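Colleague: Starting off with a structure, shown below.
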Amino acid sequence: MSINLRTVYAFAREMYPKTSKETIQYGTAGFRGKAEFLDSVMFRMGVLATLRSRYRGGSVIGVMITASHNPEPDNGVKLVDPKGEMLEASWEAIATDLVNVSDQELEQQVAKIIKDNNIDVTTSSQVFVGMDNRYHSPRLLKAVADGVIALKGNVKEYGIVTTPMLHYFVVAANTKEAYGKPTEEGYYEKLIKAFELLRNGRLENGNYRNSIIYDGANGVGARKMLQFIKRMKGSLNVTVINQGIGVGKINEDCGADYVKVQQRPPKSMPEVEPFTRCVSVDGDADRVVYFFSDDKGEFHLLDGDRIATLVAGYLMELVTQSEINLRLGLVQTAYANGASTDYIVDKLKFPVSCVPTGVKHLHHKALEYDIGVYFEANGHGTIVFSDNAKATIAQAAETKESAKTLLLLIDLINETVGDAISDMLLVETILNHKGWDVQDWISSYNDLPNRQLKVKVQDRNVIETTNAERECVKPEGLQTEINKVVANYKRGRSFVRPSGTEDVVRVYAEAATKEDTDDLAYEVGLLVQKLAGGVGPELTKPNSAHL
Ligand code: NG1
Ligand code: ZN
Numbered sequence: 001m002s003i004n005l006r007t008v009y010a011f012a013r014e015m016y017p018k019t020s021k022e023t024i025q026y027g028t029a030g031f032r033g034k035a036e037f038l039d040s041v042m043f044r045m046g047v048l049a050t051l052r053s054r055y056r057g058g059s060v061i062g063v064m065i066t067a068s069h070n071p072e073p074d075n076g077v078k079l080v081d082p083k084g085e086m087l088e089a090s091w092e093a094i095a096t097d098l099v100n101v102s103d104q105e106l107e108q109q110v111a112k113i114i115k116d117n118n119i120d121v122t123t124s125s126q127v128f129v130g131m132d133n134r135y136h137s138p139r140l141l142k143a144v145a146d147g148v149i150a151l152k153g154n155v156k157e158y159g160i161v162t163t164p165m166l167h168y169f170v171v172a173a174n175t176k177e178a179y180g181k182p183t184e185e186g187y188y189e190k191l192i193k194a195f196e197l198l199r200n201g202r203l204e205n206g207n208y209r210n211s212i213i214y215d216g217a218n219g220v221g222a223r224k225m226l227q228f229i230k231r232m233k234g235s236l237n238v239t240v241i242n243q244g245i246g247v248g249k250i251n252e253d254c255g256a257d258y259v260k261v262q263q264r265p266p267k268s269m270p271e272v273e274p275f276t277r278c279v280s281v282d283g284d285a286d287r288v289v290y291f292f293s294d295d296k297g298e299f300h301l302l303d304g305d306r307i308a309t310l311v312a313g314y315l316m317e318l319v320t321q322s323e324i325n326l327r328l329g330l331v332q333t334a335y336a337n338g339a340s341t342d343y344i345v346d347k348l349k350f351p352v353s354c355v356p357t358g359v360k361h362l363h364h365k366a367l368e369y370d371i372g373v374y375f376e377a378n379g380h381g382t383i384v385f386s387d388n389a390k391a392t393i394a395q396a397a398e399t400k401e402s403a404k405t406l407l408l409l410i411d412l413i414n415e416t417v418g419d420a421i422s423d424m425l426l427v428e429t430i431l432n433h434k435g436w437d438v439q440d441w442i443s444s445y446n447d448l449p450n451r452q453l454k455v456k457v458q459d460r461n462v463i464e465t466t467n468a469e470r471e472c473v474k475p476e477g478l479q480t481e482i483n484k485v486v487a488n489y490k491r492g493r494s495f496v497r498p499s500g501t502e503d504v505v506r507v508y509a510e511a512a513t514k515e516d517t518d519d520l521a522y523e524v525g526l527l528v529q530k531l532a533g534g535v536g537p538e539l540t541k542p543n544s545a546h547l
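Next up, the structure:
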């Protein structure tokens, strides 16, 4: 096969010219921005995925087109490496360079990547592409596919799928189906089979009721849940709201990000009995949070930290009962609620580590354990099992029921990446086994009130952080000022960091009371405005009492 790099240039100039001069960066989860500027980025990512596939000996590389929890006009792209991980860090820089060169420099830049990485362009390559249900996604998917074709690569289009489904397809194909069949049907089959075996015909147990309200964020997670329901034979009664079919924009006033950040139910929430279990996923269904309202109408959130502690506690019980010796660990970020960390360290005696925001960091750290549980507070997370763990559990399962349960859980969990639907089925399984309702679950510890704010600044990269983003080293003096403010609040904690997906600085605060938390977040937000070049309107003070 001979490759003519002129084709790349010709395609780019004719069909996908670069229209934006602004430099963009491969961020927390790939490239994101307004959809109208992304055609050239997508084309080039198709090119890069093909090169990456050849670089990795022809293994399948995934390309997912989505802007996750962002508003509808945004879109984005993330690359998936052969084992289902996010693109290797050193290639993020290659990706950033590739999307930022001019059309004229493109051919030369592609040649440079080939040379620097010693890529044999005559070998075969395979790229899997999936997209969310934004109206501009099909156009962008075509751009990715053309990028692959420009380098004579093979492309397989999966159409509308969740981000975790695409990760699953990539791993399934690269493991020659040992992980499952790389098809949509294969994915449903694997999860539903494990879920139903874990139910073992016992649909209700103790306080656990077998029904749930599911907020699909008007995204792809809604459609896929409807597919699950068709195939589940009543093992769980799911009512899907915010289906995004005909009405409702993706993530608008609904979905996991809205519920978590606003700390309230989706706007379209129907009237339900107090304590009804409700779940929200985000636009591409890789995040999940639970929530309910009590008999006084008060809203309660069960976020990623709650899911992590529930899962970690349960896994620990099963490992202990199975009398096997495995190293368990939980990975969190600075956004984890302080009360959850205390609970897991003091009560469950579970080792915890803290890493920077972004699943790639969490996933990487979790791989250091035999059973690594990782969750971001926003509900993005999963559990990874080492080969040693899998072998040990399989052996114990010959004699121990608890180990059999563990084996089935491994099948239910999408190890490749956080998966809202798989995580939800996991939580449902644990609650069912324990006979718990939401009240039992939430009573394990009390969350500290917390608040997030976004501050607009001239250039968010003036903020530099260290210590897993909990301390800020630049601009000079900002951290000292934050420390002074935090010292005035009981159980106060606050940190600031530049977002990797939006043009803002994020402020996080927690403290003993809601009022204190709001005040602390506001004071720190003002400091950021003052010391990090704030722009835009004056910050308004959040007020939980009025939410
Ligand atoms: P940024 O914008 O870098 O904070 C957000 C989330 C991340 C992660 C990514 C990818 C928060 C505070 N941040 O990143 O956890 O999920 O989006 O979607 O929730
Ligand atoms: Zn997402």
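The opening residue of the sequence shown carries number 1 in the UniProt record's numbering; numbering runs sequentially from there. Backbone N, C-alpha and C define an ideal beta-carbon position, used for all residues, glycine too. Note that this is a predicted model, so its numbers are computed, not measured.
1. Starting from A509, follow its DSSP beta bridges and name the residues at the other end.
2. For L236, which option in N251, A111, E196 has the closest C-alpha, if you only look at C-alpha atoms?
3. Ends of the beta strand (DSSP E) at L328?
4. Of the residues N242, E204, N4, G206, which one's Cα is nearest the Cα of G216?
5. Just confirm the distance between the C-beta atoms of T382 and I413, as a whole number of angstroms; I'd bet it's less than 8 Å.
6. Measuring only the C-alpha atoms, how far is G221 from R134?
7. Grab me the residues of E469's own chain with a C-beta within less than 7 Å of its C-beta, minus the 5 sequence neighbours each way, in chain order.
8. Just checking my contact of A178 with D411 at CB under 8 Å: how many whole Å lie between their CB atoms?
9. Quick check: is any heavy atom of the ligand NG1 less than 8 Å from the C-beta of T320?
10. Short check: CB of G30 to CB of M64, under 9 Å?
11. What is the rounded straight-line gap between the Cα of N378 and the Cα of D305?
12. Determine, using beta carbons only, whether Y168 comes closer than 9 Å to chain D.
13. Just to confirm, is the Cβ distance from V41 to V148 under 9 Å?
14. Less than 6 Å between C-beta atoms, sequence neighbours within five positions excluded: which residues of the same chain meet that for E376?
15. Spatial neighbours of A372 within its chain, please: CB distance less than 6 Å, with the 5 preceding and 5 following residues excluded, ordered by chain position.
16. Would you tell me roughly how many angstroms separate the C-alpha atoms of D419 and H69, rounded to the nearest one?
17. Mind checking P82: buried by the 16 CB within 10 Å criterion, or exposed?
18. At what residues does the alpha helix (DSSP H) containing E14 begin and finish?
19. Is it true that the CB of A521 sits closer than 9 Å to the CB of R491?
20. For the alpha helix (DSSP H) that D305 lies in, which residues bound it at each end?
21. Under a three-way DSSP split, which group does A545 fall into?
22. Tell me the DSSP bridge mates of N75?
23. For the candidate residues A312, D370, L362, whose alpha-carbon lies nearest to that of Y343?
24. Please go through the same chain and pick out, in chain order, the residues whose beta-carbon is closer than 6 Å to the beta-carbon of T7, but skip the five residues on each side of it.
25. In whole angstroms, give me the CA-to-CA distance for V121 and T23.
26. Verify the contact flag: Q452, CB atom, against every heavy atom of the ligand NG1, threshold strictly below 8 Å.
27. With DSSP collapsed to three states, give me the class of F292.
28. What does the Cβ neighbour count give for A336, buried or exposed, with the cut at 16 atoms within 10 Å?
29. Considering only the beta carbon of each residue, do V272 and G255 sit closer than 9 Å?
30. Measuring only the C-alpha atoms, how far is residue 591 from V417?
31. Judging by CA-CA distance, which residue of M225, L51, K400 is the nearest neighbour of E323?
32. Just to confirm the assignment, what range does the beta strand (DSSP E) spanning Q126 have?
33. Let me check understanding here. Comparing Cα to Cα, which of W436, N461, I421, Y26 lies closest to Q227?
34. Is any heavy atom in the ligand NG1 found nearer than 8 Å to the beta carbon of A377?
35. Assuming Y158 is part of the beta strand (DSSP E), what are its boundary residues?
36. Rounded to the nearest angstrom, what separates I160 and R139 at their Cα positions?
Modeller: Result, derived from the coordinates:
1. Note: A509 sits in a beta bridge opposite R451, S494.
2. Between L236 and the set N251, A111, E196, the nearest pair of CA atoms involves E196.
3. Start and end: 328–332.
4. Of the listed residues, the one whose Cα sits closest to G216 is N242.
5. Contact between T382 and I413 holds, since their C-beta atoms are separated by about 6 Å, short of 8 Å.
6. Each residue's CA atom was taken as its position, placing G221 and R134 some 12 Å apart.
7. The answer, listed in chain order, is A334, P356, T357, F495, R497.
8. 12 Å between Cβ atoms; not a contact.
9. T320 Cβ: outside cutoff for every heavy atom of the ligand NG1.
10. Taking the C-beta atoms as reference points, M64 is found nearer than 9 Å to G30.
11. Cα-Cα distance, rounded: 8 Å.
12. Given the protein chain composition of this structure (a single chain), no chain D is represented.
13. 9 Å or more divides the Cβ of V41 from the Cβ of V148.
14. Once the five neighbours on either side are set aside, the close Cβ partners of E376 are G304, T333.
15. Note on residue identity: the sequence assigns Gly, not Ala, to residue 372. Excluding residues within five positions, the ones whose Cβ falls inside 6 Å are G329, A366, V384.
16. For D419 and H69, the distance between alpha carbons rounds to 14 Å.
17. P82 should be labelled buried.
18. From DSSP, the alpha helix (DSSP H) with E14 extends over 5–14.
19. The answer is no: Cβ separation not under 9 Å.
20. Start and end: 304–321.
21. No answer about A545 holds up, because its pLDDT of 47 lies below 50 and its placement is not dependable.
22. For N75, DSSP records a beta bridge to G33.
23. Closest by alpha carbon: A312.
24. Excluding residues within five positions, the ones whose Cβ falls inside 6 Å are A150.
25. Taken atom to atom, the span from the alpha-carbon of V121 to that of T23 is near 28 Å.
26. Checking the 8 Å criterion, the Cβ of Q452 is within range of a heavy atom belonging to the ligand NG1.
27. In the structure shown, F292 adopts extended strand secondary structure according to DSSP, grouped into three states.
28. It counts as buried.
29. Not closer than 9 Å, so no.
30. Missing from the structure shown is residue 591; the chain here goes from 1 to 547 and no further.
31. Of M225, L51, K400, the smallest CA-CA separation from E323 is found for K400.
32. Taken as a continuous stretch (DSSP letters only), the beta strand (DSSP E) holding Q126 covers 126–131.
33. The option with the nearest alpha carbon to Q227 is I421.
34. A377: yes, Cβ under 8 Å from the ligand NG1.
35. Here the beta strand (DSSP E) through Y158 covers 154–160.
36. Spanning the alpha carbons of I160 and R139 requires a straight line of approximately 13 Å.
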